[in-house]
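These protein sequence lines are chains A and B, in that order.
For the record, in the first sequence the residue sitting at position 180 is 180 according to this note's numbering, with numbers rising by one throughout.
Start counting at 1 in the second sequence, then tack on 288, and there's your number in this note's numbering.
There are 2 protein chains.
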Amino acid sequence: MNTLIYSVRSLVLAFLFISFSGLTNAQKRAKVSEVMAYYCAPCGSACDLERHNAPGLCKHCGMTLVKRSVVLMDSIRGKQKTSQKRNVAIFIHNGVEVLDFSGPSEVFASTEGFNVYTVSLTKEPIISQGFIKIVPNYSLTDCPKPDIVVLPGGQTGPFLENKPLINWIKASAERAEIMLSVCTGAGLLARAGLLDGKQATTFHNYIDALQKATPNAKILRNTRFVDNGQIITTAGVSAGIDGALHVVAKLKGIDVATQTARYMEYDKWKPNEGLVVEPAGKSSATRN
Amino acid sequence: MNTLIYSVRSLVLAFLFISFSGLTNAQKRAKVSEVMAYYCAPCGSACDLERHNAPGLCKHCGMTLVKRSVVLMDSIRGKQKTSQKRNVAIFIHNGVEVLDFSGPSEVFASTEGFNVYTVSLTKEPIISQGFIKIVPNYSLTDCPKPDIVVLPGGQTGPFLENKPLINWIKASAERAEIMLSVCTGAGLLARAGLLDGKQATTFHNYIDALQKATPNAKILRNTRFVDNGQIITTAGVSAGIDGALHVVAKLKGIDVATQTARYMEYDKWKPNEGLVVEPAGKSSATRN
Numbered sequence: 001m002n003t004l005i006y007s008v009r010s011l012v013l014a015f016l017f018i019s020f021s022g023l024t025n026a027q028k029r030a031k032v033s034e035v036m037a038y039y040c041a042p043c044g045s046a047c048d049l050e051r052h053n054a055p056g057l058c059k060h061c062g063m064t065l066v067k068r069s070v071v072l073m074d075s076i077r078g079k080q081k082t083s084q085k086r087n088v089a090i091f092i093h094n095g096v097e098v099l100d101f102s103g104p105s106e107v108f109a110s111t112e113g114f115n116v117y118t119v120s121l122t123k124e125p126i127i128s129q130g131f132i133k134i135v136p137n138y139s140l141t142d143c144p145k146p147d148i149v150v151l152p153g154g155q156t157g158p159f160l161e162n163k164p165l166i167n168w169i170k171a172s173a174e175r176a177e178i179m180l181s182v183c184t185g186a187g188l189l190a191r192a193g194l195l196d197g198k199q200a201t202t203f204h205n206y207i208d209a210l211q212k213a214t215p216n217a218k219i220l221r222n223t224r225f226v227d228n229g230q231i232i233t234t235a236g237v238s239a240g241i242d243g244a245l246h247v248v249a250k251l252k253g254i255d256v257a258t259q260t261a262r263y264m265e266y267d268k269w270k271p272n273e274g275l276v277v278e279p280a281g282k283s284s285a286t287r288n
Numbered sequence: 289m290n291t292l293i294y295s296v297r298s299l300v301l302a303f304l305f306i307s308f309s310g311l312t313n314a315q316k317r318a319k320v321s322e323v324m325a326y327y328c329a330p331c332g333s334a335c336d337l338e339r340h341n342a343p344g345l346c347k348h349c350g351m352t353l354v355k356r357s358v359v360l361m362d363s364i365r366g367k368q369k370t371s372q373k374r375n376v377a378i379f380i381h382n383g384v385e386v387l388d389f390s391g392p393s394e395v396f397a398s399t400e401g402f403n404v405y406t407v408s409l410t411k412e413p414i415i416s417q418g419f420i421k422i423v424p425n426y427s428l429t430d431c432p433k434p435d436i437v438v439l440p441g442g443q444t445g446p447f448l449e450n451k452p453l454i455n456w457i458k459a460s461a462e463r464a465e466i467m468l469s470v471c472t473g474a475g476l477l478a479r480a481g482l483l484d485g486k487q488a489t490t491f492h493n494y495i496d497a498l499q500k501a502t503p504n505a506k507i508l509r510n511t512r513f514v515d516n517g518q519i520i521t522t523a524g525v526s527a528g529i530d531g532a533l534h535v536v537a538k539l540k541g542i543d544v545a546t547q548t549a550r551y552m553e554y555d556k557w558k559p560n561e562g563l564v565v566e567p568a569g570k571s572s573a574t575r576n
């Protein structure tokens, strides 16, 4: 990658040299400040693409910062971002409702750009729906850091007091883009304090219990999903499919999500069939 | 059960004696022939409830047939039928599409009266959708005889030439009430010769291939499911949910199926969104 960066950089610099030859000195200085910035000399880490406005040392790897083309580096960053797959951790446990976890599994695994895996308390097999015996890919202790966490429901009660799990959920939420609960999985988000001050939904028979468990949240009925930005909750069982498609639309665009829905022959998907809670200051949320 | 049969029989006979006392002798003879028949003396086997029009020996257990009330025996048969759970075998294999098998799994396992289990070629773990590792409950050789067989799709190609599997499908079809395929699982039904002379559907991208594989069937596009009676095929992936709900409605009534759909919050279910192929002589099939 380093060789590529330097080769393309040489071409861009040559291009810039030719382009700027017709400008005044003042114009040239302004253009240069817009198109050049300081970057860490390539060391193969994420800091390679971090932009700085002044020369100095990289605070991550200690290497001397060098002047580079912003256009080029932004282009490399964009390409890296789109080529990197997002990690999707599907948390499974004894008594997990089969469609709760398999709906989002189908959606993310059928869409380009997601690396989907199961994670459980340990790597011991779990039983879903009373008969589906699944060996988890990872335990909480060796699970790759997820960008998206899916918390399905079912018999979640015994896991609400599981400290390693709740701590894992809290730690994951600190860096994940999306925390998506399905059905009674919302109870786990509540237990991790992630629904405080937010709106949410859950399985129709669990709404009162969830409201009681998380009094600082507003739990909604008859809502397919509620999107608070990072924290997204869905209604019961089959609603996880819609919630996951919403996440795909949010991260990769409506066209990609529609393509996945078509592949799944889930023509019944209604893209706006949920509540998107907009940041303060913005107006009406979509809701059907 | 034997004691119960005889106690209730005594009551019914007493009732019949009182009821018939006001009839002529001819009327009585006619009524008796309608309400009495010959049955195997109770031996605890299915032949206990088999009806015979003449005295003799039971061809199954060899016991002497005795005269009994048809009303009573039909009532016992009805109660036994509704109290017995139907065995639902979900066939899983490497590359099985996760929603293909988990949709019907959710439907049948969430409904009273079904004993659902997974079956595979062997009991070795299989991988679904590239990451879900499942240990099958049964292999083809020790699987309980199913009343309903679910054949999901996905990467079914390698299994079309698997003789033990195709033979198991053929043998299961000889006694099962329902053979339900989802998505490309229809290819397995075709390979077992079960689509000959029937209408069917499958995953949108597999329609031409399936038509070629089973020229004596008529493969339909844009059809959520096709019900030929015992043989039911559904369209792709998520259509398996609808197909399974249709089976529940067919076997246990629309109210039970609606209750399951509500539990799953699958409000999007449209009960008649498929083609029901009626027996010759009957008219219009439902189709949306």
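From the three backbone atoms N, C-alpha and C, an ideal C-beta is built for every residue, glycine too.
The segment 467–474 of chain B makes contact with the segment 387–397 of chain B, as at least three CB pairs between them are under 8 Å.
In the structure shown, the three-state DSSP call for Tyr39 of chain A is strand.
Proximity of Gly243 of chain A to chain B, defined by a Cβ-Cβ separation below 9 Å, is not satisfied. The beta-carbon distance between Val226 of chain A and Thr201 of chain A, rounded to whole angstroms, is 5 Å. This is short enough to meet the 8 Å contact definition.
Between Gly236 of chain A and chain B, the shortest Cβ-Cβ separation is below 9 Å.
Cβ proximity to chain A below 9 Å picks out Pro413, Ser416, Gln417, Gly418, Phe419, Ile420, Lys421, Ile422, Val423, Pro424, Asn425 from the segment 413–427 of chain B. In its chain, beyond the 5 residues on either side, Arg51, Val70 have a beta carbon closer than 6 Å to the beta carbon of Ala37 of chain A.
Arg68 of chain A is classed as buried because its beta carbon has at least 16 other beta carbons within 10 Å across all chains shown. As a beta-bridge residue in DSSP terms, Asn403 of chain B pairs with B:Asn375.
Chain order gives the chain A residues near Lys556 of chain B as Lys268, where near means a beta carbon separation below 7 Å. Arg374 of chain B places its beta carbon less than 9 Å from that of Ile436 of chain B. If you look at Val437 of chain B, you'll find it in the beta strand (DSSP E) that goes 436–439. In terms of Cα proximity to Gln230 of chain A, the closest of A:Arg224, A:Glu278, A:Lys270, A:Ile254 is A:Glu278. Taking Leu482 of chain B as the centre and dropping the five residues before and after it, the same chain places the C-beta of Ala461, Met467, Ile519 closer than 7 Å to its C-beta, in chain order. Cβ atoms of Leu65 of chain A and Leu57 of chain A come within 8 Å of each other, at about 7 Å. Secondary structure of Ser69 of chain A (DSSP, three-state): strand. Bridge pairing for Met467 of chain B: B:Val437, B:Ile519 [DSSP]. Chain-ordered, the chain A residues with CB closer than 8 Å to the CB of Val386 of chain B read Ser102, Ser105, Glu106, Ala109. Between Ala41 of chain A and Met63 of chain A, the CB-CB gap stays under 9 Å.
Judged by pairs of C-beta atoms under 8 Å, the segment 114–123 of chain A touches the segment 135–153 of chain A, as three or more such pairs exist. Residue state for Gly442 of chain B is assigned as strand, using DSSP reduced to three classes.
Between the segment 256–268 of chain A and the segment 197–212 of chain A, the count of C-beta pairs closer than 8 Å stays below three; the two stretches do not touch.
Rounded to whole angstroms, the separation of the alpha carbons of Thr233 of chain A and Tyr327 of chain B is 59 Å. Residues Lys373, Asn375 of the same chain have their beta carbon placed closer than 6 Å to that of Asn403 of chain B, with the five preceding and five following residues left out of the count. Counted as a single uninterrupted DSSP element, the stretch harbouring Ile422 of chain B is not any alpha helix (DSSP H) but the beta strand (DSSP E) occupying residues 420–423. Assignment of beta-bridge partners to Ser427 of chain B by DSSP yields B:Ser408.
The Cβ neighbour count for Gly441 of chain B, taken over all protein chains shown within 10 Å, is at least 16; the residue is labelled buried. Identification of residues in the segment 112–124 of chain A having a C-beta nearer than 8 Å to some C-beta of chain B yields Val116, Tyr117, Thr118, given in sequence order. If you compare the alpha carbons of A:Ala192, A:Ser110, A:His93, A:Pro164 with that of Gly130 of chain A, the shortest gap goes to A:His93. Here DSSP, grouped into helix, strand and coil, assigns Phe101 of chain A to helix. Residue-level contact by beta carbon fails for Phe379 of chain B and chain A, as no gap is shorter than 9 Å.
Of all residues in the segment 488–499 of chain B, the ones placed with a Cβ closer than 7 Å to any Cβ belonging to chain A are His492, in chain order. Taking C-beta separations shorter than 8 Å and ignoring five residues to either side along the sequence, the partners of Glu177 of chain A in its chain run Arg86, Asp147, Ile148, Gln230, Leu251, following chain order. Pairing Asn504 of chain B with Ala109 of chain A, the inter-Cα distance amounts to about 35 Å. Taking a contact as a CB-CB distance under 8 Å, the pair Arg509 of chain B and Gly562 of chain B does not count as one, their CB atoms being some 13 Å apart. Leu210 of chain A sits in a helix when the DSSP states are folded into three classes.
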